[in-house]
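For reference, the structure is listed below as structure tokens.
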Amino acid sequence: ETYSTPEGTTAFQAFTMVDSDTTGTYDCTLSGDDAGKFAKSVTGKVCTVTWASAQDYEAAANDNDGDGTYELSIAFTDGTNPLGAQSTSITLSDANDITPTYAATDANPTINEGTTAIETVTITDADTDAVDDNSCTLGGADDGLFTCTVTETAYTLAFTNAPDYDSNTACAAGNTCAVTVTINDGTNTGGTVTYSIDIGDVNDQTPAVTVAETYSTPEGTTAFQAFTMVDSDTTGTYDCTLSGDDAGKFA
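Its first residue numbered 10, the sequence shown is counted upward by one per residue in this note's numbering.
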């Protein structure tokens with residue numbers, strides 16, 4: 010028979026000797042390649058076997074041959090009549106006992122308006138995927154503007170909707186958004202990553218200019234008009250081009 014016990018505990022099994030005699034000195038004896046990893050105690054007809062010390066699933070295999078399976082034989086006696094040794098194998102099962110760790114690549118990035126992606130961050134957790142169940146919690150003044158998707162190995166932070174720099178109301182504080190990310194693996198809560206995200210301006214607005222249909226200028230002067238381009242963008246290389254039948258008369 011084989012057994013599996015969770016890491017981090019010394020409990021293993023209690024074996025009850027069935028014996029119709031009312032007298033006897035009951036005992037059990039441990040042997041086998043890994044007997045030294047176990048301890049036993051006897052109360053009445055019950056032999057309780059425990060780990061000598063709690064084992065760690067994430068550590069290197071601690072059994073005699075290093076294959077992760079502990080070999081143990083148990084012999085029973087009533088003081089007169091022995092019961093031959095019975096062999097068993099024991100493996101460790103993983104427990105969710107490791108806190109996930111992660112760190113932002115850049116906690117103060119500039120994200121251009123019109124885009125949603127911020128970053129994907131690796132989550133490190135030695136526990137197996139079978140016991141981990143990661144979730145992502147957002148906080149901060151602008152948490153409602155973001156989406157966090159999480160797997161067993163990473164989380165991805167993004168804007169739910171692409172922000173607009175020109176409105177100056179993309180975030181609670183104008184064009185700088187505040188959000189925090191915290192990962193829980195179903196049992197253990199990791200640290201909180203605090204982001205301050207600046208919205209970057211891109212040249213996405215078409216300039217507006219008011220030009221009258223007709224103008225009158227006095228003779229003998231080169232002055233004509235100055236036209237101001239109205240553009241909410243903070244970036245751009247502004248220029249104007251002259252055309253028309255008499256464009257050659259102007260500069």
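Each residue gets a CB set at the ideal place from its N, CA and C atoms; glycine is no exception. Just so it is clear, the structure is predicted and the values come from calculations on it, not from any experiment.
Excluding the five sequence neighbours on either side, which residues of its own chain have a C-beta within less than 7 Å of the C-beta of residue i, listed in chain order?
i, result
"Leu92", "Ala84, Phe85, Thr86"
"Cys145", "Cys157, Val159, Tyr164, Val190, Ile192"
"Gln64", "Glu16, Asn71, Leu101"
"Thr110", "Thr133, Gly199"
So what does residue i bridge to, in DSSP terms?
i, result
"Gln234", "None, per the DSSP bridge assignment."
"Gly183", "Cys180"
"Val130", "Tyr164"
"Leu92", "Phe85"
"Ala48", "Thr59"
"Gln22", "Val58"
"Cys145", "Ile192"
On the CB-based measure, 16 or more other CB atoms within 10 Å of its CB, does residue i come out buried or exposed?
i, result
"Leu101", "buried"
"Pro227", "exposed"
"Leu154", "buried"
"Ala23", "exposed"
"Asn143", "buried"
"Cys180", "buried"
"Gln234", "exposed"
"Gly149", "buried"
"Phe47", "buried"
"Tyr247", "exposed"
"Tyr224", "exposed"
Cutting at 6 Å between CB atoms, please list the residues of its own chain near residue i, excluding the five before and the five after it.
i, result
"Asp207", "Thr119, Thr185"
"Thr38", "Ala84"
"Glu10", "Thr97"
Report all residues from its chain with a CB closer than 8 Å to the CB of residue i; omit the five preceding and five following residues, and keep chain order.
i, result
"Asp115", "Glu128"
Determine, using beta carbons only, whether residue i comes closer than 9 Å to chain D.
i, result
"Ala68", "No chain D is present in this structure, which holds just one protein chain."
Is the stretch 109-126 touching the stretch 34-47, taking contact as three or more C-beta pairs under 8 Å? no
For the 8 Å Cβ check, are there 3 or more pairs between the stretch 169-179 and the stretch 193-200? no
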